[in-house]
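Beneath this line is the structure, given in structure tokens, with notes to follow.
Structure, rendered in structure tokens:
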């Protein structure tokens, strides 16, 4: 418990900006835009260095925080119920994906867990950009399979493409 407090409260903001500098965040935003041209879903990428003391005292997990952000950021509120939140909590070295009911019903939890696991492996090797882009590609592939964009149609961008740093 104390080790988790220390990880979350000391140095994680610096680690966040070192792992995901501005140029990497720009490439993530571009990758999201590229993926969203292939399907009618929405991808949202959130990176958090560490949780606040109150969250830590409550024992909030990365999964619980991801679900909270999924609701707060309106990822659940897409027209086709096919929004996907990719959440990275650096202090816990955790990746969570929360998918809206439209895509989750077609894909299932195991597919998202596989993507999270692959991202975590790459992050553990300090290949943050590679892990983020691979995860977005894999999520985009699932969305394109189940919610393909119609040729020549206009696909409204319902959520921001830029990664959110917390």
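In the numbering used here, the protein residues as written are 17 to 182. Quick reminder that beta carbons are idealized off the backbone N, C-alpha and C, glycines included. This one's a predicted model, so the numbers in the text were calculated from it and none came from an experiment.
On a CA-only basis, which of the options is nearest residue i? Give me that one, please.
i: residue 149; options: 37, 45, 107; result: 45
i: residue 102; options: 96, 95, 116; result: 116
i: residue 132; options: 42, 163, 36, 104; result: 104
i: residue 189; options: 176, 109, 63, 121; result: No answer is possible for residue 189: it lies beyond the span of the chain, which begins at 17 and ends at 182.
i: residue 21; options: 37, 108, 55, 92; result: 108
i: residue 73; options: 147, 25, 170, 160; result: 25
i: residue 176; options: 48, 53, 71, 34; result: 48
i: residue 119; options: 160, 30, 29, 171; result: 160
i: residue 172; options: 53, 64, 29; result: 53
i: residue 114; options: 79, 93, 143; result: 79
i: residue 151; options: 23, 51, 39; result: 51
i: residue 156; options: 167, 168, 127; result: 127
i: residue 67; options: 96, 95, 110; result: 110
i: residue 96; options: 165, 23, 18, 19; result: 165
i: residue 154; options: 37, 167, 135; result: 135
Check the DSSP bridge columns for residue i and list the partner residues they point to.
i: residue 164; result: 55
i: residue 62; result: 103, 180
Output yes or no for whether 7 Å exceeds the beta carbon distance between residue i and residue j.
i: residue 32; j: residue 106; result: yes
i: residue 58; j: residue 178; result: no
i: residue 55; j: residue 139; result: no
i: residue 130; j: residue 158; result: no
i: residue 60; j: residue 91; result: yes
i: residue 85; j: residue 100; result: no
i: residue 112; j: residue 87; result: no
i: residue 65; j: residue 29; result: yes
i: residue 144; j: residue 35; result: yes
Could you spell out where the alpha helix (DSSP H) holding residue i opens and where it closes?
i: residue 67; result: Element bounds for residue 67: n/a, residue is neither H nor E.
i: residue 25; result: 18-25
i: residue 112; result: From DSSP, residue 112 is part of no alpha helix (DSSP H) but of the beta strand (DSSP E) over 110-115.
i: residue 130; result: 125-140
i: residue 100; result: No alpha helix (DSSP H) contains residue 100, which is instead part of the beta strand (DSSP E) from 99-105.
i: residue 182; result: Where residue 182 is concerned, there is no enclosing alpha helix (DSSP H), given that its DSSP letter is neither H nor E.
i: residue 85; result: 78-88
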